[in-house]
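Student:
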Amino acid sequence: MNIKKLMQKPIIKIIVTVFLLAGLIAAGYSVINNNIASEAEGVEKLIKEVKTAKIDLLSDTTSFIETVGTVKAEAQIDVTATTRGTIRGIYFNVGDEVNINKLLASLYDSSTLTNRNNAQTNFVNMQSNLLATERITNETVHQAEIGVQAAEESIKAAEIGLKTSKDNLASARALRDKSNINLKNNAIISFNGYLNTIFSTLDQVNYIIKAEGNIQLPNIEPVLGVKNSSSVNTAKTNYFITREAYTRLTELELTASNIAVNMKKMSETLSLTQNLVDNIIIVLDNTITDANFNSASLSAQKTAFSALRATVVNSETGALSTYQVLENLALVENQETTALQNAVNAAENQLQKTQTGYDNALIVLENAKQTKNQQVLASQSSLDNAEGQFNLAQVQAGDLNIKTPISGKITGKYIEVGAEVNPGQKIAQVSQTDNLKIEINLPSEEIYRISKGEEVVIGENLKGTISSIDPAADPITRKVKVEILYDNKNNDLIQGTFIDVVIPIKKLEKTHSESVFIPLRAVIIAPEGNYVFTVMAGDGAETKLAKKTTVITGKTEGALIEILDGLNTGDELIVEGGKNLEDGETLKIIE
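All residue numbers for the sequence shown refer to this note's numbering, where the first residue is 8 and numbers rise by one.
1) State whether the segment 498 to 517 contacts the segment 455 to 474, with contact taken as three or more CB pairs (one from each stretch) at a distance under 8 Å.
2) Would you call Y98 buried or exposed, if buried means 16 or more other Cβ atoms sit within 10 Å of its Cβ?
3) What's the C-alpha gap between T310 and T119?
4) Classify Q439 as helix, strand or coil using the three-state DSSP reduction.
5) For Y538, which residues does DSSP report across the bridge?
6) Can you have a look at A177 and say buried or exposed, based on whether 16 or more other CB atoms are within 10 angstroms of its CB?
7) Have a look at E490 and N106 and give me their C-alpha separation to the nearest angstrom.
8) Please report the distance separating the alpha-carbon of T363 from that of A400.
9) Can you say whether K16 is buried or exposed, counting buried as having 16 or more other CB atoms within 10 angstroms of its CB?
10) Considering Cα atoms alone, identify which of S438, N136 and E427 is closest to G96.
11) Pick out whichever of T329, T121, I532 and M133 has its Cα sitting closest to the Cα of I196.
12) E323: buried (16+ other C-beta within 10 angstroms of its C-beta) or exposed?
13) Straight-line CA distance for E589 to A533?
14) Can you have a look at I370 and say buried or exposed, based on whether 16 or more other CB atoms are within 10 angstroms of its CB?
15) Between I597, Q432, F247 and I205, which has its C-alpha nearest G220's C-alpha?
16) Kindly indicate the opening and closing residues of the beta strand (DSSP E) around E56.
17) Between D285 and chain B, is the shortest Cβ-Cβ distance under 8 Å, so that the two count as touching?
18) Beta-carbon within less than 6 Å of A82's beta-carbon, same chain only, minus the 5 sequence neighbours each way: which residues are those?
19) Whether or not the segment 515 to 535 and the segment 472 to 488 are in contact is what I'm after, with contact meaning three or more pairs of Cβ atoms, one per stretch, closer than 8 Å; do they touch?
20) Taking only the alpha-carbon atoms, compute the straight-line gap between K234 and V212 and give it to the nearest angstrom.
21) Going by Cα to Cα distance, which pick from T208, V539 and E549 is closest to V558?
22) CA-CA distance, Q359 and V155?
23) Taking buried to mean at least 16 other C-beta atoms within 10 Å of its own C-beta, is D487 buried or exposed?
24) Among G460, S474, K420 and L137, which one has its Cα closest to the Cα of L443?
25) Figure out for me which residue from Y493, I531, E569 and K243 has the closest Cα to the Cα of E583.
26) Per DSSP, which residues does M543 bridge with? Please list them.
27) Could you spell out where the beta strand (DSSP E) holding V230 opens and where it closes?
28) Where does the unbroken alpha helix (DSSP H) through I215 begin, and where does it stop?
29) Please state the DSSP three-state secondary structure of E46.
30) In whole angstroms, give me the CA-to-CA distance for S160 and A194.
31) Our contact map puts K551 next to I597 with C-beta atoms below 8 Å; I'd like the distance itself, whole angstroms only.
32) Quick check on the DSSP output: what are the complete beta strand (DSSP E) runs of length 3 or more inside the segment 424 to 510, in order along the chain?
33) Smallest Cα separation from S113: which of I266, I570 and K410?
34) When burial is assigned at 16 or more other CB atoms within 10 Å of the CB, is A242 buried or exposed?
35) Using CA atoms only, rank isn't needed, just tell me which of I72, T74 and K79 is closest to G503.
36) Would DSSP call R250 helix, strand or coil?
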């Protein structure tokens with residue numbers, strides 16, 4: 008049967024009509040309910056939640072704060088093991104009074120002690136290794152630096168030699184006679200220099216052996232040449248021989264014509280001087296040390312005369328060389344051109360060699376520095392690692408001695424000798440009953456009126472001291488926790504009880520009697536003037552509305568501000584939630 012035929016029957020028409028009307032009524036009712044709910048929700052959203060306080064013109068003149076605090080123990084802890092081991096000794100009983108760091112028990116663990124000893128040995132070895140590495144590598148770098156300096160000096164000398172050779176070659180013929188004269192003049196100058204060397208040597212020798220005069224190195228005379236006294240006599244004899252030869256040289260009148268002969272005499276005298284220095288070195292080798300002339304002083308003299316010998320030998324070599332040049336001057340003159348050219352070539356080669364030597368010395372120095380850095384860094388790293396392991400092993404070994412971290416009374420014992428313990432296992436309980444703390448909570452606007460160290464009254468007539476003030480208020484209660492310390496050595500207070508607390512506070516000084524101090528956060532600062540919000544009654548008995556009230560402000564005291572005009576006793580001031588209010592808005596006051 009199709010729909011069209013069905014609708015032609017009267018009874019069917021009535022039933023369909025009834026269903027259609029019912030559907031329309033239900034839909035309309037749903038729309039009305041939704042609109043009502045939406046309007047209610049909108050009204051609910053317009054209501055602002057705030058916190059309020061009653062204005063009392065006399066409330067801020069009080070000189071104390073009264074509250075109730077909770078009595079708590081200052082500290083009560085469980086002393087636990089931090090490592091495993093066997094209980095070797097127990098040094099406490101329940102009820103004992105103990106001081107901080109009192110040894111309560113000792114443990115034994117062979118592996119911990121062995122590890123500590125091994126770590127200590129390794130640490131000491133690494134320290135020695137670092138010192139040795141630094142000493143060796145520093146010496147290597149130092150020698151390389153000396154090599155660079157020597158190479159630089161060689162380059163300078165080679166450059167001077169090359170320039171000299173070229174100059175000599177260019178002016179050989181024209182300056183031959185002048186060169187000969189200069190050579191002899193230079194020999195005379197050298198002669199005088201060698202005289203100075205001999206004089207200085209004689210002076211230093213006489214300072215040691217006191218062959219003549221009264222001046223001698225302090226404290227050396229009793230120990231000089233003790234091992235072989237004849238060595239001193241030999242040295243003195245040679246001293247006078249050398250001095251006599253020196254005197255003869257000083258009496259000579261040097262000229263260009265006799266310089267060669269006299270230079271030979273100089274060479275011979277320098278040979279005597281060298282022999283004299285060798286005698287002194289033998290004397291020093293036979294010299295002993297005592298309390299007044301120690302080994303360092305003796306060693307310094309040996310070193311000085313070794314250096315002096317080298318100077319004398321160099322002078323002797325120079326004198327002999329000069330003599331030979333003077334003797335062969337005629338032959339040299341005939342071979343001058345060839346010799347000078349060869350000298351130029353040799354100087355050029357020498358300069359090239361010295362430059363190469365300098366470059367190599369720089370490479371050696373850089374390699375020495377890099378090697379030093381690498382070796383010292385490796386040694387330091389090994390030492391740091393060994394030190395860390397040793398410190399850790401010491402801490403672990405120290406953990407075998409269990410100490411109390413606080414002073415107090417033993418209120419619990421959980422171990423026996425011979426028992427095996429593991430990390431975290433309880434050893435004892437220590438409680439502090441001599442000192443108790445009373446916790447109180449104060450509004451944030453009152454905190455600035457108290458301070459740490461201030462004395463308070465607890466209970467009837469007990470005295471306590473404010474020991475701490477939290478830096479921030481509790482986000483829920485908006486109050487700040489304050490702790491008061493009390494000396495409970497007479498057992499006046501019992502842990503876990505409540506007790507009255509009276510805190511003397513700074514009295515607020517009003518500008519005039521009608522002003523009042525309110526929380527600074529309740530005041531809105533605006534260009535057109537400062538204002539607050541108070542609560543006024545609405546149309547209904549339960550309706551509360553926000554009222555914008557202009558105020559005249561005065562001075563501030565911490566978190567409070569003085570209101571000179573605009574508020575009266577009994578006004579209900581909005582202290583939280585007022586920043587986003589509008590005049591006349593509906594309020595919900597919360598505790």
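Cβ atoms here follow ideal geometry from the backbone N, Cα and C, with glycine treated the same way.
This structure is a prediction, so every number in the text was calculated from the model and none was measured.
Tutor: Let me lay it out:
1) yes
2) exposed
3) 54 Å
4) strand
5) I531 and T557
6) exposed
7) 24 Å
8) 55 Å
9) Reliability of the predicted coordinates at K16 is poor, the pLDDT of 40 falling under 50, and no value is obtained from them.
10) E427
11) T329
12) buried
13) 14 Å
14) exposed
15) F247
16) K55 to K61
17) The structure shown has no chain B; it contains just one protein chain.
18) I413 and Q439
19) no
20) 19 Å
21) V539
22) 16 Å
23) Before going further, note that residue 487 is Val rather than Asp in the sequence given. Answer is buried; the Cβ neighbour count reaches 16.
24) S474
25) I531
26) L552
27) No beta strand (DSSP E) holds V230; DSSP gives it neither H nor E.
28) R183 to I216
29) Unreliable placement is indicated for E46, whose pLDDT of 44 sits below 50; the coordinate value is still reported in the next sentence. Here E46 sits in helix by DSSP.
30) This sequence places Glu at residue 160; Ser is not what is there. Roughly 24 Å between the two C-alpha positions.
31) The pair is not a contact, with the Cβ atoms about 11 Å apart (cut-off 8 Å).
32) 433 to 450, 462 to 465, 469 to 476 and 486 to 494
33) K410
34) buried
35) K79
36) helix
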